[in-house]
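Number of protein chains: 2
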Amino acid sequence: MIDLEQLRDCYVSTPSKIVLLVVDGLGGLAHPDTGRSELETAHIPNLDAMARESACGLTIPVLPGVAPGSGPGHLALFGYDPLKHMIGRGALEALGIDMPLEPGDVAARGNFCTVDAGGNLVDRRAGRIPTALSAPLCERLDRIEIPGVELDVVPVQDYRFVLRLRGKGISEAITETDPQQSGVPALPAKALRPEAESTAGIVNSFVDQARQLLSEEERANMILLRGFAQLPDLPPMGDVYRLNPAGIAAYPMYRGLATVCGMNVIHTGTTFGDEVKTLHQVYAGHDFFFIHYKPADAAGEDGDFDAKVARLEELDPFIPQIRELDPDVFIVAGDHATPAIMASHSWHPVPFMLHSKLTRGEGVDGFNEKSCGLGSVGTIQATQAMLLALSHAGKLTKYGP
Amino acid sequence: MIDLEQLRDCYVSTPSKIVLLVVDGLGGLAHPDTGRSELETAHIPNLDAMARESACGLTIPVLPGVAPGSGPGHLALFGYDPLKHMIGRGALEALGIDMPLEPGDVAARGNFCTVDAGGNLVDRRAGRIPTALSAPLCERLDRIEIPGVELDVVPVQDYRFVLRLRGKGISEAITETDPQQSGVPALPAKALRPEAESTAGIVNSFVDQARQLLSEEERANMILLRGFAQLPDLPPMGDVYRLNPAGIAAYPMYRGLATVCGMNVIHTGTTFGDEVKTLHQVYAGHDFFFIHYKPADAAGEDGDFDAKVARLEELDPFIPQIRELDPDVFIVAGDHATPAIMASHSWHPVPFMLHSKLTRGEGVDGFNEKSCGLGSVGTIQATQAMLLALSHAGKLTKYGP
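Chains as they are written, first to last, in my numbering: chain R, 1 to 401; chain Y, 402 to 802.
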């Protein structure tokens, strides 16, 4: 698979501008009653009109048949081979709450959970307690001290938090404590390599102290830790592509992804409308913009077909607001499909369209899975999307004499 | 990407014959006034008729979005992964003028140029002086002697020449002297690796002596050197595919490409008509023929839509002359697109058709970008074209038991 560094000598800096709108969980599948997918069902006149003027296709996020998480799905669209580069869950979570990770730091995603008197899990999410309840508990855990390591606990949202371990010789090579089922106790962390023994000991000691500190709580009386991970050392996309990239995302995890890829993450509000306003405000100062639309994925994950249709319809009026900026290249893509009938991420190729002066209408009649499958871009690897973006913007020169 | 050596055990020698016509810069884009591409505009009844009887598709020369030079574009069609194999500019230029390169030789592309009294570049191409003027200057430079190296200077065309360095320890790992802009002096060659220090010194000494020898010239009073390169060590396609391949090309660079791929380059004339005559003359003696049509690319590079249409129309009557030979497989392909509206090589997938007894008409109505996009071959990597050629000629046996 192509990786962004392979054509390193061909990237050139130009004043042209690229906007990449990633609609999270964009693709879908037909509703059994109507035979039409979420995109085919939605009234999305602006996306449909843009498809008629664009080069259309489908992207394969990782490989045919492989459903990606948010990390690989986005890395691929930015041109990083997702089979070569991986961002661990803990690191992604930490970045998403603007918790700095230095080289060597290990972060884990934590859940508050409920255990019974025998220590067996009753609820892996502690009744989804709200942030208002979990934040003070995080403060309590944050005061735990273990010699030889600096420990920090920061709330994320509801029952979720991040644990960061900082110190000499801290390793990410330890197992998770979440058994992924109820009725059994939390697992001890185990070293996956000899040099991780001390980190496993630290983590188990932390969990023991947490259990004691939380023992009087009704719901959040224990914790689970997973996704121990260091920050991967990704080549910054700005350096490689010779871009000055801006990342605009209302949701923490996507700001984290943008950060780890070397984008300048721009402060924005909590809605997509805020993101579009931010795009307008900073448009002059950058030449590449990643802008992220989350709600379609959330509705798909909930298995709510009508809600996903509604979220796509809510996106549609923003398309003219972005096109107003007249970017040299405007791409609408998705990190993966989240078909409502599956209520999960899936492997299906994802609709893709690229608008530029070097493309023209090609007879595709709308923005959906079927129409995009007939477009001139064909079905490509998501890692190739950036090559198309750059070439249509004049930022990718001839390969070889 | 597939590379020709990957299926090495599946290639078999048979008497069947393959003709691969490479139309340089074949693909195009729609003229803004008509919405029709060069191929769609041209009156090409023979190519259209052949498309109706062929398996059609599109080829991606390197990767989506990547515009290739002539080297990678041709290597890919011959089955060499262009991201793995690269022919440097100097080596390609040397081969194109039948200047032998032995292993270890380094060749550079030279330009005569004009500098002002302060040594700053005024014209990087010395007013495009004609060969009649540059050839005697090359003879003058050819007499430069530097201990420890054999130096040869041979004119190419107009202001261009080749410098060949032969000797022990000569390295290609040195920087170019062409600053790619006017108003500044030529750059000194610098070693990119410690072992290239002596070569950089030789080249800088050569440039100094050239400057002195040319100091009285009005336009060509200095030189620029770029693309220092050795010949790559490509596996010969005849050996790998078990073919006896012939290369027929009126233009030097394409004879050079055929040579480096291990084809037998056949002496021919200066026009495509000469090439077709040569094809007829040597048809009995080989089983694979690469025949090259250049004029379409040149017109595209000039940004002359009508000229490109005319060049395609001039190719058309030769199609029956080739089909007369009744080859088992006759492919018409392009090394890359050269859309006149871009006046440059581009990344767009290139029309492709394969005629053989094992294919039949599939409803495609002509030979152009849109029709080929609907063909049964689909959009494939150009490196896969040879697999199709060989299989349809019975020269590629079953893979695996």
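The beta-carbon is built from N, C-alpha and C at its ideal position, and this holds for glycine as well.
Of the candidates A450(Y), G674(Y), P586(Y), H737(Y), P586(Y) places its Cα closest to the Cα of N622(Y).
Between A393(R) and the set H355(R), L137(R), A229(R), L133(R), the nearest pair of CA atoms involves H355(R). Taking 7 Å as the CB threshold, L387(R) lines the interface with chain Y. Between S391(R) and chain Y, the shortest Cβ-Cβ separation is below 7 Å. When DSSP states are grouped into helix, strand and coil, S792(Y) belongs to the helix group.
Around G767(Y), the same chain offers D449, A452 as residues with beta carbons nearer than 6 Å, after the five sequence neighbours per side are excluded.
When the beta-carbon positions are compared, L564(Y) and V550(Y) stay at least 7 Å from each other. Straight through space, the alpha carbons of A651(Y) and H681(Y) are spaced by roughly 15 Å. The beta carbons of V23(R) and Y293(R) sit closer together than 7 Å. Close to chain R, meaning a Cβ-Cβ distance shorter than 9 Å, are the following residues of the stretch 457-480 of chain Y: L459, I461, P462, V463, L464, P465, G466, V467, A468, P469, G470, S471, G472, P473, G474, L476. D304(R) and A340(R) have their C-alpha atoms roughly 6 Å apart. From the listed residues D640(Y), Y800(Y), I445(Y), G657(Y), the smallest Cα separation to S471(Y) is found for G657(Y). Residue environment analysis places Y800(Y) among the exposed positions, since fewer than 16 neighbouring C-beta atoms fall within 10 angstroms of its C-beta. By the criterion of a C-beta distance shorter than 8 Å, P32(R) is surrounded in its chain by I341, once the five residues flanking it on both sides are discounted. Between D703(Y) and the set A744(Y), G466(Y), F513(Y), the nearest pair of CA atoms involves A744(Y). Taking a C-beta distance under 7 Å as the contact criterion, L422(Y) and I781(Y) do not qualify as a contact pair. Taking a C-beta distance under 7 Å as the contact criterion, A229(R) and G28(R) do not qualify as a contact pair. Those residues of the stretch 731-763 of chain Y placed with their C-beta closer than 7 Å to a C-beta in chain R are H746, W748, ordered along the chain. Checking the DSSP bridge columns, you'll see H355(R) partnered with F330(R). When secondary structure is reduced to three states using DSSP, I720(Y) falls in the helix class.
Put simply, of T268(R), D233(R), P235(R) the residue whose alpha carbon is nearest the alpha carbon of A246(R) is T268(R).
Within the same chain, and ignoring the five residues on either side of R8(R) in sequence, the residues whose Cβ sits closer than 8 Å to its Cβ are V240. Counting along the chain, N111(R) sits inside the beta strand (DSSP E) bounded by residues 106-115. Chain-ordered, the chain Y residues with CB closer than 7 Å to the CB of I380(R) read P465. Using beta-carbon distances, M500(Y) does not count as an interface residue toward chain R, since no partner is under 7 Å. Following the DSSP letters along the chain, one finds D239(R) inside the alpha helix (DSSP H) bounded by residues 237-241. Looking at the backbone, the Cα of T798(Y) and that of L759(Y) are separated by about 15 Å.
Taking a beta-carbon distance threshold of 7 Å, I2(R) counts as an interface residue toward chain Y.
Our two residues, L213(R) and K17(R), have alpha carbons roughly 53 Å apart in a direct line. Closest in C-alpha terms to P45(R), from the list P317(R), S171(R), A108(R), comes P317(R). One finds nothing in chain R with a Cβ atom closer than 8 Å to the Cβ of A685(Y); even the nearest lies about 35 Å away. For M623(Y), the uninterrupted beta strand (DSSP E) run begins and ends at 623-630, by DSSP.
G400(R) has a beta carbon lying within less than 7 Å of a beta carbon in chain Y. When DSSP reads this structure, C56(R) sits in a beta bridge with M353(R). In this structure H336(R) is in contact with P68(R), their Cβ atoms being roughly 5 Å apart against a cut-off of 8 Å. Residues of chain R with a Cβ closer than 7 Å to the Cβ of G776(Y) do not exist, since the nearest Cβ in that chain sits about 12 Å away.
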